[in-house]
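Colleague: Going from the sequence shown to our numbering is simple: count from 1 and add 509. We put the beta carbon where it would ideally sit given N, CA and C, even for glycine. These numbers come from a predicted model, not from an experiment.
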Amino acid sequence: MEYIARSLTFIAIYGISYGMVIFLISIGLVVTMGLMRVVNLAHGAFAALGGYLCTYLVTAQSLPFGVAVICATIGVSVFSLGLEKAVYTRIYKASELDQVLLTIGLMFVTVAGLNFFFGPNVQPSRLSPALEANIDILGRSVQVYRLFVVGVGATIVAGLWFLFEKTSFGARLRAAVDNRPMAQAIGIDVASLYSKAFVLGSGLAAFGGAVGYGMLPIEPLYPFKYLTIIMIVVALSGFGNMKSAAVVSILVGVVDTAGRYFFPTYGAFVIYGFLIAYLLLRIEGGFKRKSA
């Protein structure tokens, strides 16, 4: 029983923290694909840039981890605003194929640029002594950093729910998506609204890459390496469904952690078996109901 309790504690805390990082990175794509109808396959590049910038500020500039995360998020958000004005506004009304081709091209450019400036190796991650410390929970030693990520992720989930469901910004964004001509007719600045939503999504990706750089190794292939898991969360949660995205991200994190814990050799394949089963049962956001 003690072994089971310790194992479940490990899987729960480490799986939820991993799922929170996945959510922080994925939620931006949930917004752009679900609400703005933009297929942005370069979304992972913003997370990689956030992780690289955070790593540089911590290791080279000796900034505290929290300050580095904030600076990295702001820096990537500002960069994404310029990129949105220069590139993305041109593809908002383009076909899905054009969006895919352009954004995947941007991802290749990002990977090449990161490899050129930082080299092909994984960047070292350094946490503060407080976050690197371990505490005992139910007989299991747990890193404080993991608990910190869970707390930050839960706070972001609550904040995003309030932003999209309880503020005029969320209402105006939904209105612009549902009927853009009508939204413009009643005075909503749709272009400005889309820019803000895009910057928000990119900033969240950078925040997730920065906060999670102690879990997801920062390397040039980062945008490609985690694109699959990001797209899985977006697809399974339903485009634009933030609450479902949080649940799916945590489920993916827990299942993947459990698979690697109990089956170290083949654990990486467990998550894909789970996803196949989920897709077979799921029909447009729900599960097939048995006929009466």
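1. Alpha carbons only, please: which of Val-661, Leu-647, Val-567 is nearest the one belonging to Gly-717?
2. Drop a sphere of 10 angstroms on the beta-carbon of Leu-517, count the other beta-carbons inside from all chains shown, and report buried for 16 or more, exposed for fewer.
3. Three Cβ pairs or more, each shorter than 8 Å: is that satisfied between the stretch 607-627 and the stretch 547-556?
4. What separation, rounded to the nearest whole angstrom, lies between the Cα atoms of Tyr-787 and Ala-569?
5. Closest by CA to Tyr-654, which one among Met-724, Ile-583, Asp-607?
6. Between the stretch 531-538 and the stretch 749-757, can you find at least three pairs of beta-carbon atoms closer than 8 Å?
7. How is the alpha helix (DSSP H) around Ile-759 delimited, first residue to last?
8. For the alpha helix (DSSP H) holding Arg-689, just list the boundary residues, first then last.
9. Helix, strand or coil: which one does DSSP assign to Ile-646?
10. Ignore the nearest five residues each way along the sequence and tell me which others in Ala-801's own chain have a CB closer than 6 Å to its CB.
11. Measure the alpha-carbon distance for Lys-594 versus Gly-710 and round it to whole angstroms.
12. Given this structure, state the Cα-to-Cα distance separating Ser-634 from Gly-696, to the nearest angstrom.
13. Taking the continuous alpha helix (DSSP H) assigned at Gln-632, which residues delimit it?
Modeller: Checking against the coordinates, here is how it stands:
1. With distances taken between Cα atoms, Gly-717 lies closest to Val-661.
2. It is exposed - the Cβ of Leu-517 has fewer than 16 other Cβ atoms within 10 Å.
3. With a cut-off of 8 Å, the stretch 547-556 and the stretch 607-627 count as touching, because enough Cβ pairs lie within range.
4. Looking at the two C-alpha atoms, the distance is approximately 44 Å.
5. Of the listed residues, the one whose Cα sits closest to Tyr-654 is Met-724.
6. The way I'd put it, the stretch 749-757 does touch the stretch 531-538; three or more beta-carbon pairs between them come closer than 8 Å.
7. Start and end: 751-771.
8. Run containing Arg-689: 689-694, per the alpha helix (DSSP H) assignment.
9. It is a strand residue.
10. Because the pLDDT of Ala-801 is 40, which lies under 50, any placement of that residue in the model is unreliable, and the question is left without a value.
11. In a straight line, the C-alpha of Lys-594 is about 15 Å away from that of Gly-710.
12. Near 47 Å, if we compare the C-alpha coordinates of Gly-696 and Ser-634.
13. No alpha helix (DSSP H) contains Gln-632, which DSSP labels as neither H nor E.
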